[in-house]
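**Student:**
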Amino acid sequence: MPATAAEFRSFFGETFRNTPEPMIASRLTIAEARTPTEVWTDTDVRLAGVYYLTAHLLALESPARAMRKGEAPGESPYSAERKRLEMIVSSGFRTAGVSPYAGDVALYGDE
Numbered sequence: 001m002p003a004t005a006a007e008f009r010s011f012f013g014e015t016f017r018n019t020p021e022p023m024i025a026s027r028l029t030i031a032e033a034r035t036p037t038e039v040w041t042d043t044d045v046r047l048a049g050v051y052y053l054t055a056h057l058l059a060l061e062s063p064a065r066a067m068r069k070g071e072a073p074g075e076s077p078y079s080a081e082r083k084r085l086e087m088i089v090s091s092g093f094r095t096a097g098v099s100p101y102a103g104d105v106a107l108y109g110d111e
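See the structure below:
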């Protein structure tokens, strides 16, 4: 189910209250396309990823850009959280302390 501008505003509180709804909706569409469900399989994490990418895209707009100080070009306060979420979803399933080859004796030459 696609995210809405109202849900986006609720997620970020007052931060984007003055941002026009059509602008939010268009950036949500871009963020949804760049957050595929095949990779972002957890629904809640995907939704957060969509929201943070949307916020990042909005923060790069010229009105918001003038308010940001000390950030690298192309960066925003939201891009760091989006990158953190990308690392989580791209890491895949992990089990600490268990070899991925445990029980697969044939890999070691034992038949």
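Residue numbering for the sequence shown is 1 to 111, as defined by our numbering.
Built from N, CA and C at the ideal position, the CB exists for glycine as well.
None of these values were measured; they are calculated from a predicted model.
Quick one: give me the first and last residue of the alpha helix (DSSP H) that A3 is part of.
**Tutor:** Along the sequence shown, one-based indexing puts residue 3 at 3. Per DSSP, A3 belongs to no alpha helix (DSSP H) and is neither H nor E.
**Student:** For F16 and R9, I'd like the C-alpha separation in whole angstroms.
**Tutor:** Numbered from 1 along the sequence shown, position 16 holds the residue referred to as residue 16. Numbered from 1 along the sequence shown, position 9 holds the residue referred to as residue 9. Each residue's Cα considered, the two are about 6 Å apart.
**Student:** Quick one: Cα of M87 to Cα of N18, how far?
**Tutor:** As a working note, residue 87 is residue 87 in the sequence shown. As a working note, residue 18 is residue 18 in the sequence shown. Cα-Cα distance, rounded: 31 Å.
**Student:** Mind checking whether A5 and A25 have CB atoms under 7 Å apart?
**Tutor:** For the purposes of this step, residue 5 is taken as the residue at position 5 of the sequence shown. For the purposes of this step, residue 25 is taken as the residue at position 25 of the sequence shown. The answer is yes: Cβ separation under 7 Å.
**Student:** For F12, tell me which candidate among S91, H56, E61, P22 has the shortest Cα-Cα distance.
**Tutor:** Along the sequence shown, one-based indexing puts residue 12 at 12. Of the listed residues, the one whose Cα sits closest to F12 is H56.
**Student:** Return the first residue and the last residue of the alpha helix (DSSP H) that P77 is part of.
**Tutor:** Along the sequence shown, read from residue 1 onward, the residue named residue 77 stands at position 77. Its alpha helix (DSSP H) spans residues 77 to 91.
**Student:** Please classify V39: does DSSP put it in a helix, a strand, or coil?
**Tutor:** Within the sequence shown, the letter at position 39 stands for residue 39. Coil at V39, not helix or strand.
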